[in-house]
Amino acid sequence: MVTQIIYKTLLASFILVLSLVVAMYSTLIERKVAGWFQDRHGPNRAGPWGLLQPLADGIKLFFKEEFMPASADKFLYILGPSLTMFVALLTSAAIPWGPDLVINGVAYPLQVADVNIGILYVFAILSIGVYGIMIGGWASNNKYALLGAVRASSQMISYELAMSLSIITIVMMTGSLSLREIVAQQQGFNWNIIYQPLGFLIFLICAFAETNRSPFDLPECETELVGGYHTEYSSMKLGFYLFAEYINMFISGAVMATLFLGGYHFPGLDKLGLSPNVFAFVSFMVLFTKITFFGFIYMWIRWTLPRFRYDQLMKLGWKSLIPLAILNVVITGVVILLNQ
Amino acid sequence: MKSLTNRSKVVSNKKMTFWERIYFPAILNGMGITFGHLFRRKTTVQYPEVKREFSDIYRGRHVLKRDDEGRERCTSCGLCAVACPAEAITMVSAERKPGEEHLYREEKYSAVYEIDMLRCIFCGDCEEACPKEAIFLTTELVKADYQRENFIYGKDVLVEPADPAKRIDVSKRQTPEVIEFKKDKRYKHNR
Amino acid sequence: MFTHYIFHFLSILALFSAIMMLASKKPIHSVLFLTLTFFAIAGHYVLLNAQFLAVVHVIVYAGAIMVLFLFTVMLLNLNKDERSPKPMWVKIIAFIAGGMLMLTLIGIFRGYDIQSAQDPMTTQIGLVKNLGKILYHDYLIPFELSSVLFLTAMVGAVLLGKKEQI
């Protein structure tokens, strides 16, 4: 019991540190990738290949002036970015990062909390993720920030629907709400993306909208709203907002890999006859590679597509994605019935 | 109207077909284009280590040339100041005293010669107007500074060093064709 | 027991935020306190071993309904306290009505034998499978009827929201 608690604490802190480091370096990779897409090099001055750039950015953010608008709601103004950061880090608890580690004959699952409703847990965290942005945007007492917050909320509510509908098909196929179970059923090359290409596509688009990434980054749309919900934020509070976006990218990549790309499974990996711990490590690296792939797609799309207009965004969400998702649910239901 | 380039396209607001309206082909096409740029040669010039090559006739800051014996060529005729469209050049003339023949080539020289680099537009008209081949523009840049006064370059900066090894080479812009052209009295500014 | 402390903490949190929701001057604060109340209640659900209910509670109430509330309040920007003071008789009537509700509730819970309630850890009624079975076997008609009710409400809202005359 005690070893279990110690193990869980260690695992949780490891995943916490991992997501922070990954988010840190995502900022560098984002700028690098942006540079490459535009025939530039990207940051390469701080350390070899610019590897110390995130550190330099962090130090810069810490030393910036802490500014708070005089008419801001003090408590909520601070609560906004903290909540965003907190919520962004919560989701990682339910994701199975790999098969069990075996130490002294005892199996230790690479998952902080194997809740039997893992997928709903992820979804619940996602749905409260918008609070940080809304609170921060409102507390700034700035019309641009308020508009950004209002946009964020309506965008998130709209795309949550299509997203949950696309998850429902996965749940119908798997017959379980546990993420561990969903991953287990995708062993080998039984990946859900093969059976649910439309569902995956809808989920991917919604993930872009939910993480406020371009082409759906309307809450912070700088051409119309200055900086959107974080217009009035400076220093590390702004850093928290920007950082949370990258953590969200990482986590949503993990969720997508778990739900659709077979999680930590890779065809033929389990037949190599590796010892359990090496196998767990290799599987974790497989999952990590998939997450990196999604991270790259996020950046690739960002530096390719222009931003949607707000009415286009709403039209896409309500008039295209939701009907498509419902159609997908119906088709999946019919196929499952016919196969029984 | 005749278009200058043949790249202009006529905008049409025709209704999109279903294939166009689902956007995915267009999005994938665009992603392909951006992906291709990942492997292109980068156009960046790594500045402090690598400097961008200037054209031989780049018009940077000015130099006041000396002749082969190290005497200042400028005779303070004022043609450069007249030619200057930005009125950036001012000078004070002085007469050459006996014993100063090794310093100044002509009997009259400019005791003060100043160019305001904030006014200068680097057009090169002074160079063209000079009958004594004294002022030239170089490929050097005007350095940034915090004070406006520091942008008024005097003779201490403009006149090239007397040491033959440190002379500034202007042969790239003082080609035989240019010299020939300057002798042509048909043009007003050569008279 | 450890859960005992959590129960007390959640109860205090729920009551405190519920009271603060009523007492706050700014509408936004009220909405946020109400959200906090919902989270505390979700915590209670987890203590009762009804994780599914807890998560759905968070998704539906905190994640959707309260966001919509917040959205509306922000959009209308009800920052200033523009509510006109209520006349005395309204306050008295409200007090009487609220008091009667409380009396009724006390009456109900006095007659309720707490010991007879089953231990939540053994019933597992809040888990997805059991809940689904009960909902779709025993309570199928009420369940479907409630969904029809929602549909009606939605159609009504769309009808009201439409600008042109039908």
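Chains as they are written, first to last, in my numbering: chain H, 1175 to 1514; chain R, 2 to 192; chain X, 3 to 168. The beta-carbon is built from N, C-alpha and C at its ideal position, and this holds for glycine as well.
Query                                                                                                                                       : Result
Identity of the residue in Phe55(R), Arg97(R), Ile34(R) nearest lysine 173(R) by Cα                                                         : Phe55(R)
Cβ contact (3+ pairs, closer than 8 Å) linking the region 67-77 of chain R and the region 162-172 of chain R                                : yes
Where the region 1193-1213 of chain H meets chain R: residues whose CB sits under 9 Å from a CB there                                       : Val1207, Gly1209, Trp1210, Phe1211, Gln1212, Asp1213
Check whether proline 1243(H) and tyrosine 1415(H) have beta carbons under 9 Å apart                                                        : no
Burial state of histidine 139(X) (16 or more Cβ within 10 Å)                                                                                : exposed
Supposed close pair glycine 1373(H), isoleucine 1344(H) - CB separation, criterion 8 Å                                                      : 7 Å
Positions along the region 47-69 of chain X whose CB lies within less than 8 Å of some CB in chain H                                        : Gln53, Phe54, Val57, Val58, Val60, Ile61, Ala64, Gly65, Ala66, Val69
Contacts around leucine 1498(H), its chain only, beta-carbon distance under 7 Å, and the 5 residues preceding and following it disregarded  : Leu1372, Ile1376
Beta-carbon contacts of phenylalanine 1417(H) that lie in its chain and below 6 Å, excluding the five residues immediately before and after : Ala1197
Beta-bridge partners of aspartate 117(R), as assigned by DSSP                                                                               : Ile153(R)
Neighbour-count burial assignment, phenylalanine 54(X), 16 or more Cβ in a 10 Å radius                                                      : buried
Simplified DSSP assignment, three categories, for lysine 1238(H)                                                                            : coil
Tyrosine 1407(H): contacting residues in chain X (beta-carbon distance under 9 Å)                                                           : Correct list: empty, because the minimum Cβ distance to chain X is about 17 Å.
Straight-line Cα distance separating leucine 1490(H) from tyrosine 1318(H)                                                                  : 24 Å
Below-9 Å beta-carbon distance, threonine 1385(H) vs any chain R residue                                                                    : no
Nearest to asparagine 1502(H) (by Cα), restricted to the options Met1488(H), Ile1342(H), Leu1392(H), Met1259(H)                             : Ile1342(H)
Own chain partners of isoleucine 1291(H) with C-beta closer than 6 Å, once the 5 adjacent residues on each side are dropped                 : Leu1351
Burial state of isoleucine 1179(H), where buried means 16 or more other Cβ atoms lie within 10 Å                                            : exposed
Listed by chain order, chain H residues near methionine 32(R) by CB distance under 8 Å                                                      : Trp1474, Ile1475, Thr1478
Residue range of the unbroken alpha helix (DSSP H) whose run includes serine 26(X)                                                          : Serine 26(X) -> no alpha helix (DSSP H), and no H or E assigned at all.
DSSP three-state assignment for valine 75(X), whether helix, strand or coil                                                                 : helix
CB contact check: lysine 165(X) to chain H, cutoff 9 Å                                                                                      : no
8 Å CB neighbourhood of leucine 1320(H) in its chain, flanking five on each side removed                                                    : Gly1311, Trp1312, Ser1314
Contact set between the region 1214-1232 of chain H and chain R, restricted to residues whose Cβ is under 7 Å from the partner              : Arg1214, His1215
Same chain, Cβ closer than 6 Å to serine 1340(H), neighbours up to 5 away in sequence not counted                                           : Gly1373, Ile1376, Phe1377, Ala1499
Buried versus exposed call for serine 149(X) [16 or more other C-beta atoms within 10 Å across all chains shown]                            : exposed
Status (buried if at least 16 other CB within 10 Å, exposed otherwise) for aspartate 1247(H)                                                : buried
Chain-order list of residues whose beta-carbon lies under 7 Å from that of cysteine 85(R) (same chain, five-residue window excluded)        : Asp126, Cys127
Residue range of the unbroken alpha helix (DSSP H) whose run includes histidine 139(X)                                                      : 130-139
Inter-residue Cα distance where the pair is serine 1388(H) and arginine 1476(H)                                                             : 5 Å
Euclidean distance between Cα positions of threonine 176(R) and threonine 76(R)                                                             : 22 Å
Closer than 8 Å: leucine 80(R) CB and nearest the ligand ATP heavy atom                                                                     : By its list of ligands, the structure shown contains no ligand whatsoever, and the ligand ATP lies outside what it can speak to.
Expected contact under 8 Å - CB spacing of tryptophan 1474(H) and threonine 35(R) to nearest Å                                              : 7 Å
For leucine 1275(H): DSSP bridge partner residues                                                                                           : Tyr1282(H)
Exposed unless 16 or more other CB atoms sit within 10 angstroms - verdict on valine 1195(H)                                                : exposed
Threonine 1348(H) (DSSP reduced to helix, strand or coil)                                                                                   : helix
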